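Be aware that the sequence shown starts at 9, since it is given in our numbering, and climbs by one per residue.
All residues carry an ideal CB built from backbone N, CA and C; glycine is no exception.
Since the structure is predicted, the reported quantities are computational estimates derived from the model, not experimental observations.
Reviewing the structure listed below.
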Amino acid sequence: MSLQLAIPNKGALSEDSVRLLREAGYRCTRSGRELIVSDRENEIDFVFLRPRDIALYVGNGVLDLGITGRDLAADSGAQVTELMNLEFGRSRFCFAVPKNSGLTVETLNGLRIATSYPELLRKNLAQRGLSCPVVRLDGAVEISIRLGVADAIADVVESGATLREAGLEVIGEPMLVSEAILIGRSAELAERPAVRKLIARLKGILVAGAYAMVEYDIPRLQLEAACAITPGLESPTVSPLSNPDWVAVKAMVARKECNRIMDELYQIGARGIIVTDIRSCRL
Ligand code: AMP
9 MSLQLAIPNK
19 GALSEDSVRL
29 LREAGYRCTR
39 SGRELIVSDR
49 ENEIDFVFLR
59 PRDIALYVGN
69 GVLDLGITGR
79 DLAADSGAQV
89 TELMNLEFGR
99 SRFCFAVPKN
109 SGLTVETLNG
119 LRIATSYPEL
129 LRKNLAQRGL
139 SCPVVRLDGA
149 VEISIRLGVA
159 DAIADVVESG
169 ATLREAGLEV
179 IGEPMLVSEA
189 ILIGRSAELA
199 ERPAVRKLIA
209 RLKGILVAGA
219 YAMVEYDIPR
229 LQLEAACAIT
239 PGLESPTVSP
249 LSNPDWVAVK
259 AMVARKECNR
269 IMDELYQIGA
279 RGIIVTDIRS
289 CRL
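Shown next, in the form of structure tokens:
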């Protein structure tokens, strides 16, 4: 039987979910607004659902797997297991109040708080011993204070630009740090061969994104110093060149270190330094 994996049909996580699965070799592109796209070769049906509903379908066993946000899964109250972090859609669920209002999380007691994540908010308020009326909104929560329906908000913040534009500021620590996650009904699901393959492929794409391949030529006398700068994962590949005084070196490096590594290699005499992307890998 095919696996059934739910993908958000809209919202902040939708496009990146499809992109990641496509890069991992799955056929999940919709030609129109169809609900299900079947990848027969990999025996997976991709089911496009409203982001809010995904954890519910997975939690009650109607669908095997889903991609959703940790915040949405927590707000749904569904019993699901996080099988894998997908490293996109990073956000923080925070309290925000009008700038310079002087309000703190401790002084929110009794004030009206608007949010699209009422369960997540209620749990957090209860943990803090705060009692606040919760105003449930579907979106555009940041406008609710100006419209007079709330005194504070609890919302998803990514860059903070939306809050700034609305004249609001975050107070306190985030209630939840979220990102896109792969969920299943139970951890045992990860043992099914098709799920194991999916997770291995997704990891391959994510790891590849964190690394790059660096290649360069270096005088043989400097090889040891060069290998110390680019030790690779096991050890770097060293190949002879037609000039016996030089060798070529190839190694994986952390992408965020690339520029520092190129500077250091050039300084010790490396030339022809090339950095290329890695599309996917299994380490
Ligand atoms: P920003 O202006 O970058 O702080 O983005 C905040 C707004 O974008 C919020 O009001 C959310 O509606 C939306 N948003 C950004 N990232 C996410 C995410 N990962 N999940 C859900 N909504 C998000």
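Is the beta carbon of residue i within less than 7 Å of some heavy atom of the ligand AMP?
i, result
"LEU171", "yes"
"SER22", "no"
"GLY77", "yes"
"GLY212", "no"
"ASP163", "yes"
"SER167", "yes"
"GLY280", "no"
"GLY97", "yes"
"SER186", "yes"
Does the distance from the C-beta atom of residue i to that of residue j stay below 8 Å?
i, j, result
"SER99", "SER186", "yes"
"LEU231", "VAL246", "yes"
"LEU4", "LEU13", "What is shown of the chain runs 9 to 291, which leaves residue 4 out entirely."
"LEU43", "PHE56", "yes"
"TYR125", "ALA162", "yes"
"ILE191", "THR89", "yes"
"ARG130", "VAL142", "yes"
"LEU210", "LEU94", "yes"
"ALA158", "ALA122", "yes"
"VAL26", "ARG35", "no"
"SER152", "ASN117", "no"
"ALA188", "GLY77", "yes"
Within its chain, find whatever has a CB closer than 7 Å to the CB of residue i; leave out the 5 residues flanking it on each side and keep chain order.
i, result
"ASP146", "SER124"
"GLY240", "ALA259, MET260"
"ILE269", "VAL222, ILE237, THR238, VAL261"
If you compare alpha carbons, which of the options is closest to residue i?
i, options, result
"ASN17", "PHE54, GLU31, ASP47", "PHE54"
"GLY156", "LEU119, GLU127, ARG60, ALA234", "LEU119"
"ALA256", "ASN117, PHE101, GLY69, LEU273", "LEU273"
"PRO182", "CYS102, LEU128, ARG154", "CYS102"
"VAL167", "PRO227, GLY97, ILE276", "It is Ser, not Val, that sits at residue 167 in the sequence shown. Considering only alpha carbons, the answer is GLY97."
"ASP83", "GLU127, GLY110, LYS107", "GLU127"
"TYR224", "ALA169, ARG200, LEU249, ALA208", "LEU249"
"GLU49", "LEU206, LEU184, ASN117, ARG279", "LEU206"
"ARG228", "ALA195, ARG136, ARG279", "ARG279"
"ARG136", "ASN267, GLU114, THR76", "GLU114"
"LEU71", "ILE15, ALA32, VAL26, GLN275", "ILE15"
"GLY69", "ARG290, ILE226, SER194", "SER194"
"MET9", "VAL283, LEU80, ILE282, PRO201", "PRO201"
"LYS107", "CYS140, ARG154, GLY77, PRO252", "ARG154"
"GLU51", "VAL203, GLY277, ALA208, ILE286", "VAL203"
For residue i, which residues from the same chain have a beta carbon less than 6 Å from its beta carbon, with the 5 sequence-adjacent residues on both sides left out?
i, result
"LEU91", "LEU190, GLY192, ALA198"
"SER288", "GLY212, ILE213, ALA216"
"GLU31", "ILE213"
Identify, in the order they occur along the chain, each residue of the same chain with its Cβ nearer than 8 Å to the Cβ of residue i, setting aside the five sequence neighbours on each side.
i, result
"ALA104", "GLU150, ALA160, ILE161, ALA162, ASP163, VAL165, LEU171, LEU176, GLU177, VAL178, ILE179"
So residue i and residue j are supposed to be a Cβ contact under 8 Å. How far apart are they, rounded?
i, j, result
"ASP79", "LEU184", "6 Å"
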